[in-house]
Amino acid sequence: MSDGKDGWYVSRGGQTFGPVTFSDVTDAAKAGRLEPRTDMLFGGDLADWTPAGEVEGVFEKAAPSEAGAGGEGGEKKSGDDGLADVGDFNFDEEKENTKLDLPGAHRLGYFFGVTILPLILVIGLSQVMPMMISAAGPEFGGYVPYVFFLIPLLVLIITVKRFQNLSMSGWWWLGLGVPILQIWLYYRLFACPPGYAFTKKLDLAGKILATIYWLSLVGSVVLGVLFGALVAQRAQDEEFQELLQEWRNKIEAWDFQAKEQKSQ
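Residues in the sequence shown are numbered from 1 upward in steps of one, following the UniProt record's numbering.
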């Protein structure tokens, strides 16, 4: 396991502490201040929060007499007092440690990466595309427009990074194409803070964004229902039927003219 500086986090009872080094984690395990089943670890090569007892190298370095210091052979320190003695495991600094600095894309980065950045790239590529085609020459110029396919790929990568920032598997992006499930997933992508899949806690910004998300969703559904009802009502109106027939006649006339031009 990596012993990088400030690379590990410990979660206990819904609160997260860190960052600390891997040595701090193993020292806590040696002294019996780390619970192998209930304390969760994140850092190093881990892709998700993992019980401390399942992380390689954490409890292997702890001798039985040391790891069992809290058993019959000795008095074990309480969880709060014990972890507070090691590195940055300070249970008194709840306000400072409630936010996780996990890898991946944060909320602002995700929003920018899937909205503003693609728009900038589309506009920019549209401007330079003629020059790129000219520079590539007739042999390769036809392949230049395929550069636009890099934009969806970039959006996909940012989305995967956002899921990882939430302590979720990056493969959850496949669920964005599933009805109903996509509503829940987009809620997490849009509103939830880092590590939410494990902590299940919203910060102030998350609560505000969650309110905006759900109100927008409900508002869209209501507007859609009202629009559908209005269209259904107008569909029974004679004037609306005449307007539809007029559109059909125009479309048929355009189609007829196009066929005549082709035949000539």
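Positions of the beta carbon are idealized from the N, C-alpha and C atoms, including for glycine.
Closest Cα partner of residue i within the set the options
i, options, result
"residue 106", "164, 9 and 260", "164"
"residue 200", "166, 119 and 142", "166"
"residue 37", "10, 241 and 111", "10"
"residue 190", "218, 171, 175 and 159", "159"
"residue 17", "121, 246 and 39", "39"
"residue 268", "31, 233, 12 and 210", "Because the chain spans 1 through 264 in this model, residue 268 falls outside it and cannot be assessed."
"residue 109", "143, 157, 210 and 130", "157"
"residue 153", "145, 171, 118 and 139", "118"
"residue 265", "171, 223 and 144", "There is no way to answer for residue 265, as the model of the chain reaches only from 1 to 264."
Separation of residue j from residue i, as counted between CA atoms
i, j, result
"residue 57", "residue 7", "15 Å"
"residue 253", "residue 259", "10 Å"
"residue 21", "residue 220", "47 Å"
"residue 239", "residue 249", "15 Å"
"residue 162", "residue 208", "19 Å"
"residue 195", "residue 137", "49 Å"
"residue 175", "residue 182", "6 Å"
"residue 257", "residue 251", "10 Å"
"residue 103", "residue 19", "13 Å"
"residue 47", "residue 241", "59 Å"
"residue 245", "residue 261", "25 Å"
"residue 204", "residue 44", "29 Å"
"residue 179", "residue 135", "44 Å"
"residue 90", "residue 228", "Summary for residue 90: the model assigns pLDDT 47, below 50, so the residue's position carries little reliability; its value from the coordinates is reported in the next sentence. Cα to Cα, residue 90 sits roughly 57 Å from residue 228."
"residue 232", "residue 171", "41 Å"
"residue 184", "residue 217", "11 Å"
"residue 120", "residue 149", "14 Å"
"residue 224", "residue 234", "15 Å"
"residue 255", "residue 211", "49 Å"
"residue 26", "residue 222", "55 Å"
"residue 70", "residue 32", "Low confidence applies here, because residue 70 scores a pLDDT of 42, under 50, leaving its location unreliable and the question unanswered by this model."
"residue 243", "residue 237", "10 Å"
"residue 230", "residue 177", "29 Å"
"residue 126", "residue 202", "40 Å"
Cβ separation of residue i and residue j, assumed to be a contact under 8 Å, to the nearest whole Å
i, j, result
"residue 155", "residue 113", "7 Å"
"residue 265", "residue 141", "Since the displayed the chain opens at 1 and closes at 264, residue 265 lies outside it and no answer follows."
"residue 128", "residue 151", "The pair is not a contact, with the Cβ atoms about 14 Å apart (cut-off 8 Å)."
Other residues of its chain near residue i: CB distance less than 8 Å, five sequence neighbours each side excluded
i, result
"residue 213", "186, 187, 190 and 191"
"residue 226", "none"
"residue 287", "Residue 287 lies beyond the stretch modelled for the chain, which goes from 1 to 264, so this question has no answer here."
"residue 50", "40, 41 and 42"
"residue 173", "156, 159, 160 and 163"
"residue 139", "none"
Cβ neighbours of residue i in the same chain (closer than 7 Å, five flanking residues each side left out)
i, result
"residue 115", "none"
"residue 348", "The shown model of the chain, from 1 to 264, leaves out residue 348, and the question about it has no answer."
"residue 206", "191, 192 and 193"
"residue 3", "Low confidence applies here, because residue 3 scores a pLDDT of 49, under 50, leaving its location unreliable; read the following figure in that light. Excluding positions up to five away in sequence, the list reads 21, 22 and 23."
Same chain, Cβ closer than 6 Å to residue i, five either side skipped, listed in chain order
i, result
"residue 168", "197"
"residue 34", "28 and 52"
"residue 55", "41"
"residue 247", "none"
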